[in-house]
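Residue numbers (this note's numbering), protein chains in the order written: chain A, 4 to 325; chain B, 274 to 533. Comments concern the structure below.
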């Protein structure tokens with residue numbers, strides 16, 4: 004049967020424009036509905052007081068802000084959770100409902116799998132030992148370590164969006180005082196941004212779809228919730244065999260030679276990849292020396308021409324005087 | 274020098290012009306500078322990735338992945354141009370039995386010319402250096418491109434196939450290739466912008482533009498000024514030939530009468 008014949012004799016044929024019109028109207032109505040301002044869930048009206056920026060309380064250390072930004076909440080991933088889901092049914096009867104130590108456990112009541120992984124990570128282990136330097140959920144999942152501003156992982160504004168991950172890790176890992184406390188001497192953020200991976204990420208468009216933003220950043224090599232110390236034998240970057248496997252995720256066929264030629268966060272020096280170090284020294288001097296000679300050649304030519312020009316002019320004016 | 278060469282040299286002169294670059298050399302230069310410009314504008318943002326201009330410029334080219342692809346295609350064009358030049362020399366010597374291009378080889382005279390130019394610059398001599406077919410600056414440019422191509426094409430191919438390179442070469446080769454490719458690029462762009470552009474465009478005797486690499490020809494009067502040694506030799510040959518064959522090229526008449 005010809006495809007045309009299917010519609011030609013059908014009674015609905017004449018109604019097609021009408022149906023299309025109705026569909027369009029419904030679509031427009033839906034669009035209006037979704038484009039209206041969405042509000043967070045606040046059944047207990049907590050924001051009546053807590054949306055005031057000046058709201059604070061006094062504790063032993065001084066003033067603590069109790070302000071919760073309604074704007075941030077509206078955009079947050081958890082906008083449909085009531086405040087009491089995290090802050091208990093009677094938030095005013097507990098001293099500090101959530102602290103750095105108790106936060107991860109609270110998130111873990113829903114995000115059980117991630118919490119379990121976090122407990123095994125270097126961050127989670129230290130946290131369990133009472134260390135409050137290390138990262139907990141909100142330190143990575145919010146730009147300002149604020150539980151109220153956690154947005155979904157793959158939103159372009161999220162601190163966990165691939166393009167923003169290096170800056171998120173840098174909040175702690177680019178702090179020399181904090182890092183020296185844990186014996187991390189490499190400037191991990193700067194060296195990443197100097198590397199091919201960092202440059203590709205930096206130059207990638209902000210509007211690039213996440214599946215095209217396939218450049219390695221911190222978490223691609225080091226892991227996320229179960230992140231380990233780099234020297235931990237289980238770490239994806241510990242030892243050349245593990246590192247090679249990590250490289251192979253993006254560079255098929257990469258072996259141990261490939262991995263051992265990767266500078267990582269280090270710089271070449273006379274004992275680490277010496278040919279690279281001496282190559283850098285050579286080109287540093289060579290480039291400058293050759294360009295200096297070129298610059299001199301040009302300035303000699305200009306200088307000699309200028310002097311000749313001026314001399315000729317003086318000679319002419321003297322001849323005129325005579 | 275054979276009689277055949279002598280006559281071919283004289284054939285380079287037509288209607289007040291002398292042929293300096295044949296059609297292959299002109300095409301090679303066009304391929305070289307067009308691929309060079311594309312490589313520079315698509316490669317430099319990577320070197321200066323922190324700069325906001327780089328980020329804007331990469332977006333103009335349609336993102337980092339497009340830019341990378343364009344850079345690689347331009348790199349292959351430059352590599353092909355290099356092979357074109359090598360086969361051109363090979364065919365010219367082996368099949369057409371032309372002599373080895375000795376005029377492009379550096380020699381002691383280039384050093385003397387350089388010293389002579391230095392003396393002229395500082396007023397110790399009233400004479401500029403007299404050049405044959407290629408001046409020391411032109412020879413330097415030529416051989417610098419040779420060295421640069423080895424660094425850029427060699428390094429570029431290693432960076433394009435890092436896994437293959439690492440599987441066949443020592444581990445330091447890939448990071449060293451990155452150093453060489455990146456630093457040599459700055460050197461090449463710097464040299465072209467500062468030196469080549471000056472002597473091809475801005476130099477007072479050239480300004481605004483030395484067309485000879487595109488037209489292939491140079492006016493005889495200009496050639497006499499820039500390459501006096503070769504000019505004199507061709508003129509002498511032309512005279513010699515006309516004595517023997519009694520057919521002095523008409524184009525030479527004008528020039529010969531200009532001689533003091």
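Yeah, the Cβ is synthetic: ideal placement off N, Cα and C, and Gly gets one too. Nothing here was measured: the structure is a model prediction, and the numbers come from that model.
Close partners of residue 273 of chain A in chain B (Cβ separation under 8 Å) are lacking, with about 13 Å as the shortest Cβ gap. When 9 Å is used as the limit between beta carbons, residue 109 of chain A is near no residue of chain B, the shortest such separation being about 39 Å. Inter-residue distance for residue 220 of chain A and residue 381 of chain B is about 54 Å (C-alpha atoms, whole angstroms). Shown in chain order are the members of the region 313-329 of chain B whose Cβ falls below 8 Å from a Cβ of chain A: 318, 319, 322, 323, 327, 328. By the neighbour-count criterion, in which a residue is buried when 16 or more other Cβ atoms sit within 10 angstroms of its Cβ, residue 458 of chain B is buried. Beta-bridge pairing by DSSP links residue 444 of chain B to no other residue. Collapsing the DSSP output to three states places residue 185 of chain A in coil. Every unbroken stretch of the alpha helix (DSSP H) spanning 4 or more residues and falling wholly within the region 315-356 of chain B is given here in chain order: 325-333. Linking residue 494 of chain B to residue 471 of chain B through their CA atoms gives a straight-line distance of about 21 Å. Residue 304 of chain A is classed as buried because its beta carbon has at least 16 other beta carbons within 10 Å across all chains shown.
Taking 4 residues as the minimum length, the alpha helix (DSSP H) runs contained wholly in the region 216-296 of chain A are 221-225, 242-251, 259-263, in order along the chain. In summary, the residues of the region 233-255 of chain A whose CB is separated from some CB of chain B by less than 8 Å are 254, 255, in the order they occur in the chain.
Going by C-alpha positions, residue 361 of chain B is about 31 Å away from residue 286 of chain A. In the displayed model, residue 401 of chain B falls within coil according to three-state DSSP, outside both helix and strand. For residue 318 of chain B, the CB contacts under 6 Å within the same chain, skipping 5 residues up- and downstream, are 327, 330, 331 in chain order. With 16 or more other Cβ atoms from the protein chains shown falling within 10 Å of its own Cβ, residue 383 of chain B counts as buried. Under DSSP, residue 59 of chain A forms a beta bridge with A:68. Counted as a single uninterrupted DSSP element, the alpha helix (DSSP H) harbouring residue 171 of chain A occupies residues 165-176.
In this structure, residue 148 of chain A lies near residue 142 of chain A, with their beta-carbon atoms less than 8 Å apart. Runs of beta strand (DSSP E) with 3 or more residues, each lying fully within the region 374-436 of chain B, are absent. Contact between residue 407 of chain B and residue 376 of chain B is confirmed by a C-beta separation of about 6 Å, below the 8 Å threshold. Nearest Cα to residue 469 of chain B within the set B:486, B:453, B:455: B:486. Annotation for residue 290 of chain B: the continuous beta strand (DSSP E) segment containing it runs 290-292. Taking the CA atoms as reference points, residue 502 of chain B sits about 6 Å from residue 404 of chain B.
One alpha carbon belongs to residue 256 of chain A, the other to residue 246 of chain A, and they sit about 13 Å apart. The alpha-carbon separation between residue 442 of chain B and residue 208 of chain A amounts to approximately 35 Å. Beta-bridge partners assigned by DSSP to residue 123 of chain A: none are found.
Under the three-state reduction of DSSP, residue 191 of chain A is assigned to helix. The beta carbon of residue 189 of chain A sits no closer than 8 Å to any beta carbon of chain B. The shortest CA-to-CA distance from residue 440 of chain B to any of A:214, A:258, A:111 is the one to A:258.
Cα atoms of residue 176 of chain A and residue 299 of chain A: separation of roughly 45 Å, rounded to the nearest angstrom. Under a criterion of Cβ atoms nearer than 8 Å, the residues of chain A adjacent to residue 393 of chain B are, in order, 307. Bounds of any alpha helix (DSSP H) do not take in residue 490 of chain B; it lies within the beta strand (DSSP E) bounded by 490-492. Per DSSP, the beta bridge partners of residue 286 of chain B are B:291.
What residue 453 of chain B touches in chain A, judged by beta-carbon distance under 7 Å, is 282, 286, going in chain order. At a C-beta separation below 8 Å, residue 467 of chain B has these neighbours in chain A: 294, 297, 298, 301.
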